[in-house]
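Under the working numbering, the first residue of the sequence shown is numbered 440, with each subsequent residue one higher. Every residue, glycine too, gets a C-beta built ideally from N, C-alpha and C. Computed from a predicted model, the values in this text were never measured in an experiment. Below is one structure, written out as structure tokens; the observations come after it.
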Amino acid sequence: MLLKTYEEKGLLFNSNFTEPAGVADTFAYRGDLVLVEGDIADASGRRKPPTATIRQSVLLAQGDKLLLAAGLFDDIARLPVFVKRYGTDFSPEMHAVFFVSNIGKPMKLKLEGIEFALIPLEDGMVWNELLDELGIEKSELKGQSAGEKVATVHAAFKSHALKGAELTLEAALESTIEVKRGGRGPV
């Protein structure tokens, strides 16, 4: 199982869950996905925290292939890092939707034969935004396990076309915006 392999390699970080998705040999994951591992911290090989992750990622894997990949990139420049690291695990039918902090408008681009939908998101929860984007009501998910909910999201992509201008990676990288984060917490 692909997600088990990721877990053994330490690529799943801040995990919410990894569980069956209600279909044979299909598993779902929610949590962060490591893009760039941290340096080795000590002689026993333990690592420092990763230096780059896809935050709030949502993955669905069947066998040794990814069927769904979603999450939050702080910078669109991390997309090629994701493709380089995990591209061999992509199913030809994989659906990929990423929310990106430093883009101003939705866009689509093709890498390694997979269409990636990129949606601007300054602040919010990926899961909630994904449900909104696909028009899934939370009541439709009642009674399902966490893994089955991810499978339901994947199934919704079959009848939903994501919006956005089709761009090349180079054009997408040139169209970034500056992100200003507001302070939070007690003052």
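- Membership of E447 in the alpha helix (DSSP H) is indicated by the continuous run L441 to E447.
- For P531, the uninterrupted beta strand (DSSP E) run begins and ends at F529 to V539, by DSSP.
- In the DSSP annotation of this structure, the continuous segment of the alpha helix (DSSP H) that includes K523 starts and ends at L518 to Y525.
- G470 sits in a strand when the DSSP states are folded into three classes.
- A463 sits in coil when the DSSP states are folded into three classes, being neither helix nor strand.
- When beta bridges are read from the DSSP output, T490 appears opposite no residue.
- For the pair A535 and L601, the CB atoms are not nearer than the 7 Å cut-off.
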